[in-house]
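The end of the sequence shown is residue 308 by this note's numbering, with every number in the run present.
Note that the Cβ used here is the ideal one computed from N, Cα and C, for glycine as well.
No experiment lies behind these values; they were computed from the predicted model shown.
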Amino acid sequence: MSTRWMRWADLPWLERSAPHASLIRLCDELAKATPADAAGFASLLGEIVAEFGGPNCGIVRRAGDWSVLARRGQIDPLPRMLLPD
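Shown next, in the form of structure tokens:
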């Protein structure tokens with residue numbers, strides 16, 4: 224069996240008719256984002272909310288203490304029980 228290289232845009236599981244194409248694209252965008260790019264995370268929150276159907280969403284980072292990189296809706300205070308040390 225030979226290897227067939229494909230461009231990212233040509234992958235069959237990224238076609239609109241593929242059941243999880245939007246989730247794969249979202250994961251790719253999250254992987255590309257950097258913690259310093261808070262505006263990039265903020266732009267992805269709408270997609271995260273649409274994909275998972277939750278009204279409140281936030282992206283937090285731990286660098287010593289927990290900090291909110293982006294938020295949509297009400298997430299204050301942070302759910303510390305879900306953020307183990």
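Pull up the distance between the alpha-carbon of residue i and that of residue j, whole angstroms please.
{"i": "residue 227", "j": "residue 244", "result": "21 angstroms"}
{"i": "residue 252", "j": "residue 240", "result": "20 angstroms"}
{"i": "residue 303", "j": "residue 225", "result": "50 angstroms"}
{"i": "residue 301", "j": "residue 250", "result": "23 angstroms"}
Report the three-state DSSP secondary structure of residue i (helix, strand or coil).
{"i": "residue 245", "result": "helix"}
{"i": "residue 286", "result": "strand"}
{"i": "residue 301", "result": "coil"}
{"i": "residue 253", "result": "helix"}
Considering only the beta carbon of each residue, do residue i and residue j sit closer than 7 angstroms?
{"i": "residue 264", "j": "residue 292", "result": "yes"}
{"i": "residue 289", "j": "residue 306", "result": "yes"}
First and last residue of the alpha helix (DSSP H) that includes residue i?
{"i": "residue 273", "result": "261-275"}
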